[in-house]
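Enquirer: The structure follows.
Residue numbers (full-length UniProt numbering): 1 to 141.
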């Protein structure tokens, strides 16, 4: 696979609308049945004041940006350091952003600044990630 060189300063982003179905699917996958994710009465009584999606749903947009855009196919996270700053609710549109902050010459390892923004401009997740990108050229279609 001829991979385009990743360079410091490159950025990429993806957006998606978050739905109640995202909560249902993540609950099925993870087993996270915290009432703040699906019980309106419990969620309204919480500090969040309403239903919020699981952090895994919020951070998943970054998995997509990294795997699909930058660094791209074959990329996996080695380390993440994320602070969740604000809730995401069903109906919000979130945009995951990555920016290359460091690359290695000896290995296909990339350090990224990562953040997720709600459609109202609120940063809901902020942090960093280290990624490894495998050469998928040996895989036949």
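Backbone N, C-alpha and C define an ideal beta-carbon position, used for all residues, glycine too.
(1) What residue range is occupied by the uninterrupted alpha helix (DSSP H) comprising residue 63?
(2) Taking contact to mean 3 or more Cβ pairs, one atom from each stretch, closer than 8 angstroms, check whether the stretch 34 to 41 and the stretch 68 to 83 are in contact.
(3) Over what stretch of residues does the alpha helix (DSSP H) that includes residue 99 continue unbroken?
(4) Output the distance between the C-alpha atoms of residue 122 and residue 87, rounded to the nearest integer angstrom.
(5) Less than 7 angstroms between C-beta atoms, sequence neighbours within five positions excluded: which residues of the same chain meet that for residue 32?
(6) Based on DSSP bridge pairs, tell me the residues matched to residue 111.
(7) Using the Cβ count rule (16 or more neighbours within 10 Å means buried), how would you classify residue 43?
(8) What are the partner residues of residue 11, as DSSP defines its beta bridges?
(9) Could you compute how far the alpha carbon of residue 103 sits from the alpha carbon of residue 63?
(10) From the DSSP output, read off the bridge partner residues of residue 125.
(11) Please classify residue 2: does DSSP put it in a helix, a strand, or coil?
(12) Can you tell me where the alpha helix (DSSP H) with residue 40 in it begins and where it stops?
(13) Any idea if residue 92 is buried or exposed, counting beta-carbon neighbours within 10 angstroms, 16 or more meaning buried?
Expert: This is what the structure gives:
(1) Counted as a single uninterrupted DSSP element, the alpha helix (DSSP H) harbouring residue 63 occupies residues 55 to 68.
(2) No, they do not touch.
(3) First-last for residue 99: 93 to 103, but that is the beta strand (DSSP E), not the alpha helix (DSSP H).
(4) Cα-Cα distance, rounded: 9 angstroms.
(5) Counting only residues of its own chain and dropping the five nearest sequence neighbours on each side, residue 32 has a CB closer than 7 angstroms to the CB of 26 and 54.
(6) Beta-bridge pairing by DSSP links residue 111 to 102 and 130.
(7) Under this definition residue 43 is a buried residue.
(8) For residue 11, the beta-bridge partners assigned by DSSP are 99.
(9) The alpha-carbon of residue 103 is positioned some 18 angstroms away from that of residue 63.
(10) DSSP lists 84 and 116 as the beta-bridge partner residues of residue 125.
(11) Bear in mind that the predicted position of residue 2 carries a pLDDT of just 44, short of 50, making it unreliable; the figure below should be weighed with that in mind. Note: residue 2 maps to coil in three-state DSSP.
(12) In the DSSP assignment, residue 40 falls within the alpha helix (DSSP H) that extends over 40 to 45.
(13) Its Cβ being crowded by 16 or more others within 10 Å, residue 92 is buried.
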